[in-house]
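Okay, so here's the structure we're looking at.
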DNA sequence: CGATGAAATTGACCGTGGTCAATATTTGGA
DNA sequence: TCCAAATATTGACCACGGTCAATTTCATCG
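Residue numbers (my numbering), protein chains in the order written: chain A, 2 to 193; chain B, 2 to 193.
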């Protein structure tokens with residue numbers, strides 16, 4: 002008999018999430034401290050870890066939710082008809098993903114789930130993103146020699162690469178938008 | 002007048018590196034503890050941090066050196082004449098990069114340097130890897146519509162993607178070698 | 001040699017994430 | 001309404017990376 006989750010539990014979790022969100026709004030993701038969150042939420046430290054496996058799990062939820070919000074916006078758009086349009090459509094998401102180096106690190110760490118058991122919010126968003134891109138590619142004037150799914154995987158690979166290079170001193174002279182557009186043109190519209 | 006570095010310094014650094022390597026050989030990278038290393042090296046904890054900025058910096062050196070050894074092997078090879086050969090040539094490197102999830106995380110974190118000042122060993126190896134691939138691509142029967150440099154950047158992006166998916170429960174049914182070959186064929190030999 | 005300043009080393013101490021046995025609260029049944 | 005089992009909460013405690021003022025060792029020069 003599945004036991005119903007107590008009201009108390011929901012309330013405590015909400016308090017923790019609110020407190021965390023507040024800290025992040027004020028000081029950013031990297032600066033978030035578990036101690037600060039439990040202090041504001043008015044609960045003991047141990048309570049935090051009975052609601053979230055670890056600090057990373059909370060970040061997974063918060064950042065995953067934020068990415069999902071961006072995907073909602075992207076999903077509402079008409080399918081882009083050019084590489085430039087596609088790149089533009091992804092820019093708000095990319096901007097968020099690069100708002101802090103720490104945020105991008107967390108995203109990378111969670112982009113693939115470690116075990117079947119724990120496919121977290123961020124991993125889900127990667128799946129969703131691939132779906133959106135696949136849908137976009139369905140009947141576009143792009144290459145036809147490979148599947149839309151494979152094309153979408155490539156789009157993700159290049160998006161990650163373009164973002165990584167933002168944080169790389171050796172390659173940060175080119176803006177991410179232009180770099181991504183170059184990549185995607187070469188990937189989706191080869192002429193040789 | 003630049004003061005020569007003391008013998009003592011070199012000796013201590015060597016002791017620390019040896020101790021770290023020993024711990025890693027026995028228990029792996031992830032299990033390495035600074036306390037254990039300084040204990041074996043017979044120095045105080047503070048000494049460790051006067052030789053390495055932090056634990057990550059030591060990992061950067063050790064893992065970077067290991068990657069360099071693999072690149073030496075790759076560099077000694079004849080330029081591959083097919084995608085399959087190219088993929089095979091990169092497999093030993095990929096195998097090392099995926100020996101532990103932690104190792105891959107460290108590599109990703111250091112693949113782009115945070116500031117011009119600290120381009121570490123791992124970041125250097127990425128540059129070197131790109132050069133090797135670019136050289137390979139120079140006169141190969143692959144696509145000619147984009148530069149060899151851009152092709153090499155793509156090869157790196159797909160290598161990272163293929164590795165990431167190894168650690169992803171949603172996509173670990175395909176072996177990394179086959180996945181990479183699929184990616185590289187689509188990237189380097191498009192037929193549309 | 002002995003003195004003196006520079007460089008290396010030390011270890012007590014701190015910040016922060018995470019654990020767990022003890023305690024408090026809730027729930028469902030008699 | 002009361003009791004017992006299930007569930008949630010607590011906070012002292014630990015692990016481990018990292019800091020820094022005090023101390024020791026080293027190199028150079030008169």
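We treat Cβ as the ideally placed atom computed from N, Cα and C, and that holds for glycine.
None of these values were measured; they are calculated from a predicted model.
Put simply, the CB of residue 124/B is near chain A, with a gap under 9 Å to one of its CB atoms.
The CB of residue 83/B never comes closer than 7 Å to any CB in chain A; the least such distance is about 17 Å.
Look at residue 42/A here: in three-state DSSP terms it is helix. Note on the stretch 73-136 of chain A: there is no whole beta strand (DSSP E) run with a minimum of 3 residues. In the three-state DSSP reduction, residue 188/A falls in the helix class (H, G or I).
In this structure residue 65/A is buried. Its beta-carbon is surrounded by 16 or more other beta-carbon atoms within 10 angstroms.
Assigned with DSSP and collapsed to three states, residue 34/B falls in coil, not helix or strand. By the Cβ rule, the stretch 154-167 of chain B counts as touching the stretch 176-183 of chain B, because three or more pairs are nearer than 8 Å. Along the stretch 174-191 of chain A, going in chain order, the ones with a CB nearer than 8 Å to a CB of chain B are 183, 184, 187, 188, 191. Using beta-carbon distances, residue 7/B does not count as an interface residue toward chain A, since no partner is under 9 Å. Under the Cβ criterion of 9 Å, residue 161/B is counted among the residues facing chain A.
Within chain B, no C-beta atom comes nearer than 9 Å to that of residue 29/A; the closest sits roughly 16 Å away. Interface with chain A (9 Å Cβ-Cβ cutoff): residue 68/B is excluded.
At least one beta carbon of chain B lies nearer than 9 Å to the beta carbon of residue 165/A. Neighbours of residue 155/A in chain B, taken as residues whose beta carbon is under 9 Å from its own, are 155, 158, 159, 162, 184, 187, 188 in chain order. By the Cβ test, the stretch 29-41 of chain B is not in contact with the stretch 5-15 of chain B, since fewer than three Cβ pairs between them sit closer than 8 Å. The C-beta separation of residue 139/A from residue 149/A comes to about 6 Å, placing the pair in contact by the 8 Å criterion. Using a Cβ-Cβ cut-off of 9 Å, residue 147/B counts as an interface residue toward chain A, since at least one Cβ of chain A sits closer than that to its own. Close CB contacts of residue 122/A within its chain, under the 6 Å cut and outside five residues either way in sequence, are with 61, 62, 65 (chain order).
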